[in-house]
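Protein chains in written order, with the numbering used here: chain A, 67 to 149; chain B, 3 to 114.
Cβ coordinates follow ideal geometry from the N, Cα and C atoms, glycine included.
Keep in mind that this is a model prediction, so the values were computed, not measured.
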């Protein structure tokens with residue numbers, strides 16, 4: 067089990083230029099999460115490469131305390147368009 | 003990650019143009035996502051090798067770290083990590099997967 071706030075902190079520290087992170091506990095069991103991340107580091111990267119940056123930031127948590135993570139990543143520009 | 007394992011994984015994806023890390027084998031997939039990915043690759047007519055992660059716990063864990071990707075299956079084409087089942091499905095549907103593997107066959111013939 068892990069707090070969403072701890073996942074958020076790891077993403078903020080591990081990914082460059084994070085502008086916005088929301089982590090939701092999907093099941094109330096603190097092991098299945100969804101995260102939306104907006105970061106400058108995603109600029110010019112494929113969706114796979116964007117997700118890899120987040121997984122790298124979370125390191126051993128993924129597959130450990132975090133059993134599942136549904137990821138949505140945006141660059142600041144694509145996030146602004148969407149809003 | 004163990005340096006020896008890293009070298010082994012690097013060699014696998016370098017020496018084989020298309021590699022699918024999966025649960026089970028091409029003929030006997032042991033997970034629905036792995037089975038679906040094999041089926042899509044088959045339909046492209048591509049030559050590919052598979053690595054059964056269930057036979058090797060070190061590879062099963064190591065490939066996740068190697069790719070910075072938490073799930074199996076994982077597809078590599080020409081040494082580059084492409085993605086898992088969802089991404090392969092999107093690329094299959096859009097025709098991108100066909101283009102990607104056709105490029106590999108042509109390159110293979112040219113160098114043979």
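Min CB distance residue i to chain B below 8 Å
i: residue 116 of chain A; result: no
i: residue 128 of chain A; result: yes
i: residue 76 of chain A; result: no
i: residue 148 of chain A; result: no
CB contact below 8 Å: residue i versus chain A
i: residue 66 of chain B; result: yes
i: residue 31 of chain B; result: no
i: residue 20 of chain B; result: no
i: residue 85 of chain B; result: yes
i: residue 36 of chain B; result: no
i: residue 72 of chain B; result: yes
Close Cβ partners of residue i (< 8 Å) along its chain, the five nearest in sequence each way excluded
i: residue 95 of chain B; result: none
i: residue 54 of chain B; result: 24, 25, 26 and 27
i: residue 68 of chain A; result: 96, 97, 127, 131 and 132
i: residue 58 of chain B; result: none
Close-in-space but distant-in-sequence residues of the same chain around residue i (CB under 6 Å, 5 per side omitted)
i: residue 88 of chain A; result: 102
i: residue 62 of chain B; result: 55
Neighbourhood of residue i by C-beta distance below 7 Å, restricted to the same chain and skipping five residues each side
i: residue 46 of chain B; result: 99, 100 and 103
i: residue 15 of chain B; result: 21, 78 and 81
Counted within 10 angstroms of its Cβ, other Cβ atoms place residue i as buried (16 or more) or exposed
i: residue 76 of chain A; result: buried
i: residue 108 of chain A; result: buried
i: residue 141 of chain B; result: There is no way to answer for residue 141 of chain B, as the model of chain B reaches only from 3 to 114.
i: residue 67 of chain B; result: buried
i: residue 146 of chain A; result: exposed
i: residue 50 of chain B; result: buried
i: residue 140 of chain A; result: buried
i: residue 71 of chain A; result: exposed
i: residue 105 of chain A; result: buried
i: residue 79 of chain A; result: exposed
Residue i to residue j span [Cα, whole Å]
i: residue 44 of chain B; j: residue 81 of chain B; result: 19 Å
i: residue 113 of chain B; j: residue 84 of chain B; result: Annotation note: pLDDT 46 at residue 113 of chain B (below 50); position unreliable, coordinate value reported separately. Going from the Cα of residue 113 of chain B to the Cα of residue 84 of chain B covers about 23 Å.
i: residue 92 of chain A; j: residue 99 of chain A; result: 5 Å
i: residue 111 of chain A; j: residue 30 of chain B; result: 35 Å
i: residue 8 of chain B; j: residue 71 of chain B; result: 15 Å
Cβ-heavy atom distance, residue i to the ligand GDP, below 7 Å
i: residue 91 of chain B; result: With respect to small molecules bound, the structure shown includes none, and the ligand GDP cannot be examined in it.
Within-8 Å CB hit, residue i to chain D
i: residue 27 of chain B; result: Here chain D cannot be found, since the structure's protein chains are A and B.
Exercise. Using a beta-carbon distance cut-off of less than 7 Å, what residues from the region 88–104 of chain B approach chain A?
Worked result: From the region 88–104 of chain B, only 89 have a Cβ closer than 7 Å to chain A.
Exercise. Which residues, in chain order, does the region 86–114 of chain A contribute to contact with chain B at a C-beta distance below 8 Å?
Worked result: If you check each beta-carbon in the region 86–114 of chain A against every beta-carbon of chain B, the ones closer than 8 Å belong to 113 and 114.
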